[in-house]
Amino acid sequence: MTAYTREVARRLFAQEFRESNLSFKDGNDQYSPQYLFTPTGAKVNRMFIVGTLTEKEDIGSDSEYWRGRVSDPTGSFFIYAGQYQPEAAQVLSECDVPEFIAIVGKPSTYTTPEGEIRKSIRPESIYIVDAETRDLWVLDTAKATLERLKDLSTSNPDALRAKEHYKTETKHYASMVVRALKSLQENY
Amino acid sequence: MNTIVTDIKAKFKELGVDIPAEKIEERLEKLIVQFKVPKEEAKRSVINFFLKEHGISKDQFYDAMGETGISKIADIFEVGKWFNLKAKVVQLWENSNPSIFQVGLIGDETGTIKFISWEAAGLPALEEGNTYLFKKVVVSEWNGKVEINLNKSSSIEQIPNDIQVQIRTKGVVPLVKVADISEDGIWVDLKGKIVQLWENSNPSISQVGLIGDETGTIKFIKWVSAEIPTDLVEGKNYLFKNAVTNEWNGKLEITLNRSSSIEEIADEIEVSTKDIVMTGAMIDIQSGSGLIKRCRECNRSLTKGACAEHGKVEGVYDLRLKAVLDTGTITQDILLKREITEKISGITLDNAIAMAADALDQSVVVETMKQKLLGKYYTVSGSRVDRYILVESIKKESFLEPKLIQELIKEAEAL
Chain S
9 MTAYTREVAR RLFAQEFRES NLSFKDGNDQ YSPQYLFTPT GAKVNRMFIV GTLTEKEDIG
69 SDSEYWRGRV SDPTGSFFIY AGQYQPEAAQ VLSECDVPEF IAIVGKPSTY TTPEGEIRKS
129 IRPESIYIVD AETRDLWVLD TAKATLERLK DLSTSNPDAL RAKEHYKTET KHYASMVVRA
189 LKSLQENY
Chain L
50 MNTIVTDIKA KFKELGVDIP AEKIEERLEK LIVQFKVPKE EAKRSVINFF LKEHGISKDQ
110 FYDAMGETGI SKIADIFEVG KWFNLKAKVV QLWENSNPSI FQVGLIGDET GTIKFISWEA
170 AGLPALEEGN TYLFKKVVVS EWNGKVEINL NKSSSIEQIP NDIQVQIRTK GVVPLVKVAD
230 ISEDGIWVDL KGKIVQLWEN SNPSISQVGL IGDETGTIKF IKWVSAEIPT DLVEGKNYLF
290 KNAVTNEWNG KLEITLNRSS SIEEIADEIE VSTKDIVMTG AMIDIQSGSG LIKRCRECNR
350 SLTKGACAEH GKVEGVYDLR LKAVLDTGTI TQDILLKREI TEKISGITLD NAIAMAADAL
410 DQSVVVETMK QKLLGKYYTV SGSRVDRYIL VESIKKESFL EPKLIQELIK EAEAL
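Protein chains in written order, with the working numbering: chain S, 9 to 196; chain L, 50 to 464.
Here's what the structure looks like:
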């Protein structure tokens, strides 16, 4: 019964994304989904982020290859879109900077020759959104992160795995959530 | 205890020995009540006592009855145990496994159970509706359910048909609610109302549609090969017996096959119209959205100007959205019909037709809708139909509750 089910788009802040370094395949064949496993125990095959596109650059040589930097209240995400993500690449090439954008994409990891693991997002789609949507995303992501943090004290297998691999300090991520939420209050 | 008494009495009677029930009961009660002997052991002990008293050898007794006498289906639960059964063949199922000679359902007054007559057993064929004495059959468990196996040591003997089969049984084919259906390959009985009958162009399907009860709705398929004479009618209530759950494209459905039957029932079943409310980000709009054409005959949406049923047809324009709402923990397909699509996209059907005419391209409509709607948060409410939420209202989220932010901060600070 391994029928295809659409992977849920997880919510996580840039800081947690940057601090993630465990990725694995769920299964053995080439079609098994790849997951990034985060310090609060999110198992991420697809993610949804909304933030501010602060930089964009075409770094491709023969064909267009766009790199964008998207910031949220806790840090920034890097997104890369080329010929295999034509719609996303087109949005990046046409949109202004800065701009609020929403991205649905897959986490991708790359290990540098120095052994450093670089995380980025390979967007499936990018949409231009409004400031309200960005705030709603921060709230949504804060809530989702809080739920995972609360789960960390349970015997949920993902929680156990997160604690084992990352020795996650709840306070570290709780204060990240507080920071993100407080940034929303500044708007009022 | 009474059943044990009558059981013992009946067995001895078959050997021509009449033992007064009181005498059996007296001994049995003493063993069970006073000496706390387990029932089975007490029964065995009582039988042996009377065997000795009447000079019947154990071989004689157990040859006639088998080692355990004749059991009732309701008592069968112990895997690996040998039984004798007097039962009627209720159904013979289709069988494609070459090592299985026959498979189906047998029943007695206490229930029904699946049986397998293995090819290797070399037993004669059983016929539906006939009653047999099954000797030395063994119980096994498969997929969490017990079944009996007819193998080389087993024997069958046709006997006069005097069994009233109890079809409703414990555990064999449970009567379930739609919401309970969560696994494929399970035999179920289901009482429900036919919510919809769908257009069907598959020659091997007799009828297909949605059946619902107070807990939800589920797709059903009645195969032509099932040879079920009942023609289901929308809005009527039925009992589906011996239907099988099946997973198809990640969704569960129930199928009616040769072993299944349908009864129209008098009960009026309230189908759940429970509204589902969900807030999430709209992360995809799928093909078949925007400006579409429908077949005049059957209202089905056209693919490249052709109806799956009626071929190339003129078609009438319509608007709809098939979208994906993602909450961060679940992803849900939602379906918006024309009025809802017009409202949330701000594009009326007439606008859409004009846009398409201007651009000489129908897809301009869905592209415009995508740019306006995707990546944003919505709250939808509606009813669940198949894998979709059929949206009755949709609202774009735009307001952040300051109190909620405050509460979440408190919660995070307390961690």
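Think of the CB as a built atom: it goes at the ideal place given N, C-alpha and C, for glycine as much as any other residue.
- At a C-beta separation below 8 Å, S:Arg-14 has these neighbours in chain L: Val-373 and Thr-380.
- Contact between L:Leu-305 and L:Ile-270 holds, since their C-beta atoms are separated by about 7 Å, short of 8 Å.
- Taking 9 Å as the threshold, the shortest C-beta distance from L:Lys-268 to chain S does not fall below it.
- A contact is defined here as three or more CB-CB pairs under 8 Å, and the region 103–110 of chain S meets this definition with respect to the region 50–62 of chain S.
- Within the same chain, Trp-236 and Thr-304 come within 6 Å of L:Val-293 by CB-CB distance, once the 5 residues on both sides are set aside.
- For L:Ile-332, the residues of chain S that pass the 7 Å Cβ criterion are Ala-17, Phe-56 and Val-112, in the order they occur in the chain.
- Residues of the region 129–143 of chain S with a C-beta less than 9 Å from any C-beta of chain L: Glu-132, Ser-133, Ile-134, Tyr-135, Ile-136, Val-137, Asp-138, Glu-140, Thr-141 and Asp-143, listed in chain order.
- Collapsing the DSSP output to three states places L:Trp-142 in coil.
- Against chain L, the CB of S:Ile-109 has a partner CB under 9 Å away; the residue lies at that interface.
- With distances taken between CA atoms, L:Gln-151 lies nearest to L:Ala-170 out of L:Ala-170, L:Ala-136 and L:Leu-423.
- Of all residues in the region 16–37 of chain S, only Val-16, Ala-17, Arg-18 and Arg-19 place a beta-carbon less than 8 Å from a beta-carbon of chain L.
- Between S:Ala-96 and chain L, the shortest Cβ-Cβ separation is not below 9 Å.
- Between L:Glu-446 and L:Thr-417, the gap from beta carbon to beta carbon reaches 9 Å or more.
- Taking one beta carbon from each stretch, the region 111–124 of chain S and the region 150–167 of chain S have fewer than 3 pairs nearer than 8 Å; the two do not touch.
- Leaving aside the five residues that flank S:Ala-167 on each side, the residues in its chain whose CB is nearer than 6 Å to its CB run, in chain order, Gly-49, Asp-159 and Leu-160.
- For S:Ala-152, the C-beta contacts it makes with chain L under 8 Å involve Gly-377 and Thr-378, in order along the chain.
- With a threshold of 9 Å between beta carbons, L:Tyr-366 makes no contact with chain S.
- For L:Tyr-426, the chain S residues whose Cβ falls inside 7 Å of its Cβ are Thr-141 and Leu-144, in order along the chain.
- Residues of chain S whose Cβ lies closer than 7 Å to the Cβ of L:Glu-460 are, in chain order, Leu-154.
- Taking a 10 Å sphere around the C-beta of L:Phe-126, we find fewer than 16 other C-beta atoms and assign the residue as exposed.
- Neighbours of S:Ala-170 in chain L, taken as residues at a C-beta separation under 7 Å, are lacking, since the least C-beta distance is about 15 Å.
- One thing to note: L:Leu-422 has its Cβ no nearer than 9 Å to the Cβ of S:Leu-147.
- Of all residues in the region 63–78 of chain S, none places a beta-carbon less than 8 Å from a beta-carbon of chain L.
- Using a C-beta cut-off of 8 Å, the region 162–177 of chain L makes no contact with the region 90–97 of chain L, since fewer than three inter-stretch Cβ pairs fall below that distance.
- Under the criterion of beta carbons closer than 8 Å, L:Gly-360 and L:Arg-345 do not qualify as touching, at roughly 12 Å.
- Against chain L, the beta carbon of S:Thr-178 has neighbours under 9 Å at Leu-464, listed in chain order.
- Sixteen is the threshold: since fewer than 16 other Cβ atoms of the shown chains lie within 10 Å of the Cβ of L:Trp-297, the residue is exposed.
- What L:Ile-243 touches in chain S, judged by beta-carbon distance under 8 Å, is nothing: the nearest beta carbon there is about 26 Å away.
- For the 9 Å CB-CB criterion, L:Val-222 and L:Asn-179 do not form a contact.
- Comparing C-alpha distances from L:Lys-226 to each of L:Asp-233, L:Ile-267 and L:Val-188 shows the shortest one belongs to L:Ile-267.
- Per DSSP, reduced to three states, the secondary structure at L:Glu-313 is strand.
- Contacts with chain L at 9 Å (Cβ-Cβ) include S:Val-185.
- Annotated as distal: L:Leu-301 and L:Ile-334, with beta-carbon spacing of 9 Å or more.
- DSSP, read as helix, strand or coil, puts L:Leu-449 in coil.
- Here S:Glu-132 really is in contact with S:Gln-93; their C-beta atoms are around 7 Å apart, less than 8 Å.
- DSSP places L:Phe-132 in the strand class (E or B) of the three-state scheme.
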